[in-house]
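Note sheet for the following structure.
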Amino acid sequence: MHAAWRWLERVGDVAPGTALADEFAAFGRGSCLAFPLGTLFGTGSIHVGQDTLIGKYSTLSVGYGPTQAALPERGLVIGDRCVLGARVCITAHESISIGDDVWFGQDVFVSDASHGYQDPSLPVGLQFGAHQPVSIGSGSWIGHGAMVLPGTTIGRNVVVAAGSVVRGTIEDHAVIGGVPAKVIRRLEPGVGWVSQGTSPDVRSVALSGEG
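In numbering that gives the first Met the number 0, the protein residues as written are 0 to 210.
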C-alpha cells in the first residue's frame, strides 16, 4: 500500500510536459506542483517560473468561476526558484505577482479581492469587493499561516512572521509581524538592522574593508 501511494505521488506531480502543466499559461523548466493537488482554476491565466516548487494540497485560482467571460492574461504570476509550502491558497481575481526566490511556509493565504456586505438583501458571498492587486517582492519569506490581504505590496527581502495578517505597503528589507502586521525591524543603510519601538536594538552590518 505504501509503495503504491509513493508511486501515485510520483506520477501525480504536475511537471513540465504533463497534460495538466500544459494547461497553464506558463510552467517553467524544473518546476513542480506536488501531488495530492488542491484546487486549480483558471490555469490559463497562471504563470509559473523555472525551478519553483509548490507543495501538496495547494490552491491556485484565477477568476470568480466558470461563468466569468474572460480571465486576465496574467492573473497569477509566480517567479523563478520559489518554494511554496503545503496547503498554500492563492486566489487571484485580477493580479497577484510573486517575485523570484520567494519562500512561503505552509498554510499561507494570499488574495487580491474580498467580499462586500453593503447590500443586506444579498448573501455576503455573492457581493464582490473591488480588486486590489497584490505584489510580493523577490527574496521575501512569508511565514507559516500568514495572510496577505488585497492591496498589499511587499518589498524585496522582507520577512513576514508566522501568523501575521498583512495589508498595505511594506518597504524593502523589513521584518514584520502581528495582527495587523507592523514593522519590527528595518535595514538602515550604513547602520544595520534597527528595531522599531522603544527599545533600541541595532544589529550592525559589516562594511567592506572592516575586519
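All residues carry an ideal CB built from backbone N, CA and C; glycine is no exception. All figures in this text were calculated on a predicted structure; none of them were measured in a lab.
Item	Value
Quick check on DSSP: helix, strand or coil for VAL123?	helix
Give me the residue from GLY43, LEU148 and GLY64 with the minimum Cα distance to SER113.	LEU148
Let's test the definition: count the other Cβ atoms within 10 Å of the Cβ of ALA168 and tell me whether it reaches 16, buried, or not, exposed.	Per the sequence shown, residue 168 should be read as Thr rather than Ala. The residue is exposed, with fewer than 16 neighbouring Cβ atoms inside 10 Å.
Note down, in chain order, each residue of its chain lying with its Cβ closer than 8 Å to the Cβ of GLY27, except the 5 sequence neighbours on either side.	PRO15, VAL47, GLY48, GLN49, ASP50, THR51 and ASP79
Quick check on the DSSP output: the beta strand (DSSP E) that includes VAL109 runs from which residue to which?	108-110
Any beta-carbon of chain B closer than 9 Å to the one on VAL158?	Structure shown: chain B not included; a single protein chain is present.
Can you tell me the Cβ-Cβ gap for VAL82 and ILE135, rounded? I've got them flagged as a contact below 8 Å.	13 Å between Cβ atoms; not a contact.
Counting along the chain, where does the beta strand (DSSP E) carrying ARG185 start and finish?	181-187
Ends of the beta strand (DSSP E) at SER60?	58-61
Mind reading off the beta-carbon distance from SER94 to ASP111? Whole number of angstroms is fine, and I expect it under 8 Å.	6 Å
Please identify the residue among ALA85, LEU39, ILE53 and LYS55 whose C-alpha is closest to the C-alpha of GLY211.	This structure cannot settle anything about residue 211, because the visible part of the chain is limited to 0 through 210.
Within 10 angstroms of the Cβ of PHE212, are there 16 or more other Cβ atoms? Answer buried if so, exposed if not.	Outside the modelled stretch of the chain, which goes from 0 to 210, sits residue 212, for which no answer is possible.
Give the straight-line distance between the Cα atoms of VAL87 and PHE103, rounded to the nearest whole angstrom.	8 Å
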